[in-house]
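Let me begin by presenting the structure, written as structure tokens, before commenting on it.
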Amino acid sequence: MAVCIAVIAKENYPLYIRSTPTENELRFHYMVHTSLDVVDEKISAMGKALVDQRELYLGLLYPTEDYKVYGYVTNSKVKFVMVVDSSNTALRDNEIRSMFRKLHNSYTDVMCNPFYNPGDRIQSSGSVSLSRAFDNMVTSMMIQVC
Amino acid sequence: MSPTQWDLPVELCCRPMAFVTLTGLDVVYNAVHRAVWDAFCANRRADRVPISFKVLPGDHEYPKCRPKRTSYEWYIPKGILKTGWMNKHLNLVPALVVVFYELDWDEPQWKEKQSECATRVEIVRQSLQGRNTKVAVVLIQKKTPLPPGEDVIASERAAALCNACELSGKSLFVLPHTDHLVGYIIRLENAFYEHAQTYYYTEIRRVKSHKEFLNKTTHQLLFVRHQFKIAFFSELKQDTQNALKNYRTAYNLVHELRAHETNILEIKTMAGFINYKICRLCFQHNTPLDAIAQFRKHIDLCKKKIGSAELSFEHAAWMSKQFQAFGDLFDEAIKLGLTAIQTQNPGFYYQQAAYYAQERKQLAKSLCNHEASVMYPNPDPLETQTGVLDFYGQRSWRQGILSFDLSDPEKEKVGVLAIQLKERNVAHSEIIITLLSNAVAQFKKYKCPRMKSHLMVQMGEEYYYAKDYTKALKLLDYVMCDYRSEGWWTLLTSILTTALKCSYLMAQLKDYITYSLELLGRASTLKDDQKSRIEKNLINVLMNESPDPEPDCDIFAGKTAQKLWADRISLAGSNIFTIGVQDFVPFVQCKAKFHAPSFHVDVPVEFDIYLKADCPHPIRFSKLCVSFNNQEYNQFCVIEEASKANEVLENPTQGKMCLVPGKTRKLLFKFVAKTEDVGKKIEITSVDLALGNETGRCVVLNWQGGGGDAASSQEALQAARSFKRRPKLPDNEVHWDSIIIQASTMIISRVPNISVHLQHEPPALTNEMYCLVVTVQSHEKTQIRDVKLTAGLKPGQDANLTQKTHVTLHGTELCDESYPALLTDIPVGDLHPGEQLEKMLYVRCGTVGSRMFLVYVSYLINTTAEEKEIVCKCHKDETVTIETVFPFDVAVKFVSTKFEHLERVYADIPFLLMTDLLSASPWALTVVSSELQLAPSMTTVDQLESQVDNVVLQTGESASECFCLRCPSLGNVEGGVATGHYIISWKRTSAMENIPVIRTVITLPHVIVENIPLHVNADLPSFGRVRESLPVKYHLQNKTDFVQDVEISVEPSDAFMFSGLKQIRLRILPGTEQEMLYNFYPLMAGYQQLPSLNINLLRFPNFTNQLLRRFIPTSIFVKPQGRLMDDTSIAAA
């Protein structure tokens, strides 16, 4: 259902990025990168709000003709960005929200792994067991067809 | 087809205004008419009514009105909207024709003029035959009209004129040509406006009236046409609400039309027009959300209506235009005050327009790739007789044909071919770039830096496709750093790849090398085979050869590039390129590290340069040089290999000049620092690594400071965070991440090999010449020269201390204020190995407290470092904190002659001054002498000889003196009377003879002096004896200027019998003295109370017995009666 899922570090470099149609990979990279403009703006807008009451889900970042881009930001300013096909009307806000929550949990597991160094890219080529669970979870979110 | 085929027609985009023509005005030759015309059309402000005026001759032919259709039964429309219709109603068919005529009410030839006017009106009516256009007459008059109703002739003649011209009274106006022309004109045009509105109202009614004749099967097109016309007339009538309503209906009707490949373009064109109108009106009504919703609906409905596959680029072009037009409308609304937000601004529409333009380009590329031999068809199927289409959105070769079947497939084919061939000539890239740059401007405004960068990349790529490589490179180069700084390596690699192609095609050497360096580096995500290819090319370029062409380049451009490269080779000139690496991520990394944060000047400075290559194959470098802030060291830190250019690839893995991918290469450098640099920082300002050879081409990579490029700071941070254990490496190899750059070191002086001792007896005593013995002993192997001593108060302490501390080398004389607090650079000569010298130093501290003293010994010594003779300056310093204390405390008190404490003294009556000197020094003190210097107001009673000469005081001991003084009467002095000074001359007992004596001056306290009226003193022996007569004489002195009455009584005592006057009253003259003699006879032994003398002064009731007792003894010691023989012994004593 998602066509691209990305995890972005606090410093705005990509920690993990995966998209389904591999030939269009670059386009999704650009899409995720440009969506950070909106994420930045939203974060700075709610910067004053109480930290513990903050909503992590940022909602729809911006619509394009073909895709919808959603955002989510953790308390440590790690961002999750998800690109969904515009034609996929079955995905509503609630579904997206729960997908992000799953992603966040999975990411937390990666962080808890003592062999993971925070800030390193989550690569499947690195420590195999480290990122496999995360990778599998992302895969499940990408191919699951509604 | 012109490239502007997709542009919306001007008449659609303008704001429709009521059209009014003015006739009978000669604006060329008649000044009055000119003025009238100017008043109508010049400087029309927004508050004037929306009318567009036009001056036409009276006999102008207006477009003919077609005869009214009585039935639509057999009528089949040929299209939706005629191309000329909007223009016709905006600029050709007036709502009102105004006939200007010069006629005053008192015109003598009234009849003739009236009929001429009527003729003119008639001519106008003729040419408007069949139209509902209103006609109005304006009389230009020279005279100011009288108020209505007063001018009888005027009203009569006006009625007559109306009659003659068949005009209603409302259509006749008078324009007096006077001062207030503009005012009259404004009133006139308001009246015209009303007429125009009536006209458009009737037009709307007229169009509506057709509706009932239409049927849904054959007249579908007419429904749309009529609805559009009603809406357009409403706009002309400035009834925008109804216009919007009708456009919306029209829009829905358009989509109800049966669409087929043959008419889809017409439907889309009309839908686009109506959509444009709706969005425009929504923005005008300040309901931007409605506009956006309508536009989205429009796009969703039309997106899939591609039409003929062969002409699908047309759909993309149309879509692009839709987005662009909406973006323009949006932008215009913003300029008029609408606020947009980051996620909803015109930029998105321009961006989407650009995407469709790109799609159009792609489609055109695949659909229009006809062979060059295919000729443009003749006759041109796109030509029409009139040069324009009859209906919007129809094909020129089958205008007005509504059938869905292609009657003439051959003709259709030719037409399609013509369109395709035309499309080939369209400058697509130009369109795309314009749209992208529009979008960039918008995103810049709405805080989307990354979107802006992305669009600029696309612009750059489009310039690349358009073969404008210079502009492409400029744009790509501009945004590269954004992606680099945020670490988006995939995107950076993609941009770099395009940039590399551009620089290849232009044979830009420096750019080509720079991009290659980065594409080979660790930030590049290219596959190894690509990297190998680039590295090979780079080496070729460095050997002054041409690189292989980049893949996927335009063939023609590639050939040009090869020529350019060939020219470059033959071209002599600067072949050395210096590239600063701090702004990008090259494939060689460099880190410099000094072995220590500081080096002594007599040992060589050592540092390592670490190099690591990330390219797929080993690479040799030809030279490495390090630059320092002191450039004299540069010469010592150069590695150069005299290899020929063709050796670059030979023996690649050998020698220290070769970098093996992934391996860290360590290069050690060593040099001896200059002695002048002692205390200075030596800093590596840059590291230059040369690749290639000066005979071929040479690239110098320049690292600022101790290495590091655009990505290394983030990497260092990650490495520092990591607690991963690194795999073991063989000895003498290091992990790249574990190397920390250390680009500077301090040069410090050689370690001194002397000892400095201080010998003294703390604490120091205030003002004494405190002796500090400095012992310097050399432990050096050779003679040391030029030994200098700096000693004294350590600088940087309280400034007051400097004023109160004085240092001298000569202890025999007391130093004063002129002596410094710090003695600098006292030469003490040379010292042989093992020799020792001693220096005495005297310090005088004027205040108590602790002070830090510094003893600093410097010397020169000859030594060698790395077989080089150097003269080192060494120094050693020693600090000591010395406490200064008071040597003694002096207490002073005043007592009466009876040793009773005195609060105040009495004038002319002797008292005692007692001094008490308590030693506070831990060392024994010798009081050499003491001296009492009396103030002039004091006199001494006896000699003022020192009683403590040469007394030695140990700690805690004290020496006291007692002086008998008297203070003459002075009257009442406020604050007491000065007593004088007490001067003590002293020194340490242990001090040497020649050390001067210190005089400490103590100011004695002031004392309050009081006058008393009567002074009594008693003469009596120091003791009495039982049963022996004891004569006592009291002296009563009158100290006043009055005669005093004195009552005296003596009270009996148990211990004494006495003789004398027991009670008496007497007078004492001023200044005289009265004596009273008593003979006491002691009865008891011991310390006995004397019979008390009571004196009562009648004049001074304050004079009490208590005061009296201060002066006279109250008791006496009475010895027991001794044996007789004792008397002689006592007498003998």
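Chains as they are written, first to last, in this note's numbering: chain Y, 165 to 310; chain D, 31 to 1163. Every residue gets a Cβ at the ideal spot worked out from N, C-alpha and C, and that includes glycine.
Quick one, which of the options has its alpha-carbon nearest residue i's?
i: D:MET799; options: D:ALA347, D:HIS836, D:TYR1064 and D:ASN830; result: D:HIS836
i: D:ARG255; options: D:PHE1072, D:ALA280 and D:LYS475; result: D:ALA280
i: D:THR247; options: D:ARG187, D:TYR102, D:ILE183 and D:LEU274; result: D:TYR102
i: D:GLU265; options: D:CYS43, D:TYR495, D:PHE1072 and D:ASP37; result: D:CYS43
i: D:THR1070; options: D:ARG1129, D:SER1059 and D:LEU197; result: D:ARG1129
i: D:VAL925; options: D:VAL915, D:ILE912 and D:LEU943; result: D:LEU943
i: D:VAL958; options: D:THR911, D:ASP972, D:THR520 and D:THR1030; result: D:THR1030
i: D:ARG217; options: D:TYR542, D:PHE70 and D:THR163; result: D:PHE70
i: D:ASN659; options: D:THR694, D:ILE714 and D:PHE629; result: D:ILE714
i: D:ILE1098; options: D:LEU1107, D:PHE1072 and D:SER988; result: D:PHE1072
i: D:GLU1058; options: D:VAL1080, D:PHE1086 and D:ASN1041; result: D:PHE1086
i: D:ALA741; options: D:ALA587, D:VAL935, D:GLU548 and D:LYS824; result: D:GLU548
Using three-state DSSP, classify residue i as helix, strand or coil.
i: D:PHE19; result: In this structure chain D extends from 31 to 1163, so residue 19 of chain D is not present and cannot be described.
i: Y:ILE286; result: coil
i: D:LYS642; result: strand
i: D:GLN1093; result: strand
i: D:TYR1117; result: strand
i: D:ILE371; result: strand
i: D:CYS655; result: strand
i: D:CYS192; result: helix
i: D:ALA746; result: helix
i: D:ILE110; result: coil
i: D:ASP498; result: coil
i: D:THR520; result: helix
i: D:LYS923; result: strand
i: D:LEU689; result: strand
i: D:HIS931; result: strand
i: D:ILE1078; result: strand
i: Y:GLY201; result: Before going further, note that residue 201 of chain Y is Asp rather than Gly in the sequence given. DSSP places Y:ASP201 in helix when its eight states are reduced to three.
i: D:ASP559; result: helix
i: D:GLN381; result: helix
If we call anything under 7 Å between Cβ atoms a contact, is residue i one with residue j?
i: D:LEU1178; j: D:THR113; result: The requested residue 1178 of chain D is not part of the displayed model; chain D covers only 31 to 1163.
i: D:TYR886; j: D:THR805; result: no
i: D:ALA457; j: D:GLN381; result: no
i: D:LEU202; j: D:VAL167; result: yes
i: D:LEU521; j: D:TYR508; result: no
i: Y:LEU222; j: Y:GLY235; result: yes
i: D:VAL873; j: D:LEU788; result: no
For residue i, write down the residues that DSSP places opposite it in a beta bridge.
i: D:ASN1068; result: D:LEU1044
i: D:GLU961; result: D:ILE1013
i: D:ASP597; result: Paired residue(s): none; D:ASP597 is not in a bridge.
i: D:CYS801; result: D:TYR872
i: D:ARG695; result: D:LEU641
i: D:ALA794; result: D:THR914
i: D:LYS903; result: D:LEU890
i: D:ASN1135; result: Paired residue(s): none; D:ASN1135 is not in a bridge.
i: D:PRO857; result: D:LYS818
i: D:ASN121; result: DSSP lists no partner for D:ASN121.
### Query
Counting pairs of beta carbons, one from the region 759–772 of chain D and one from the region 697–709 of chain D, are three or more of them closer than 8 Å?
No, the region 759–772 of chain D is not in contact with the region 697–709 of chain D.
### Query
Should the region 266–285 of chain Y be regarded as contacting the region 191–203 of chain Y, the criterion being three or more beta carbon pairs within less than 8 Å?
As far as the Cβ criterion goes, the region 266–285 of chain Y does not touch the region 191–203 of chain Y, which means the pair count is below three.
### Query
Hey, is the region 777–792 of chain D in contact with the region 898–906 of chain D, meaning 3+ C-beta pairs nearer than 8 Å?
Touching, yes, given that three or more Cβ pairs across the two stretches are closer than 8 Å.
#### Entry: Segment contact, 8 Å Cβ cut-off, at least three pairs: the region 128–136 of chain D with the region 175–186 of chain D
Three or more beta-carbon pairs drawn from the region 128–136 of chain D and the region 175–186 of chain D are found closer than 8 Å, and the two stretches are therefore classed as touching.
### Message
Check whether the region 564–583 of chain D and the region 531–541 of chain D touch, using three or more Cβ-Cβ pairs below 8 Å as the test.
### Response
With a cut-off of 8 Å, the region 531–541 of chain D and the region 564–583 of chain D count as touching, because enough Cβ pairs lie within range.
### Query
Between the region 459–476 of chain D and the region 493–510 of chain D, do at least 3 Cβ pairs fall closer than 8 Å?
A contact is defined here as three or more CB-CB pairs under 8 Å, and the region 459–476 of chain D meets this definition with respect to the region 493–510 of chain D.
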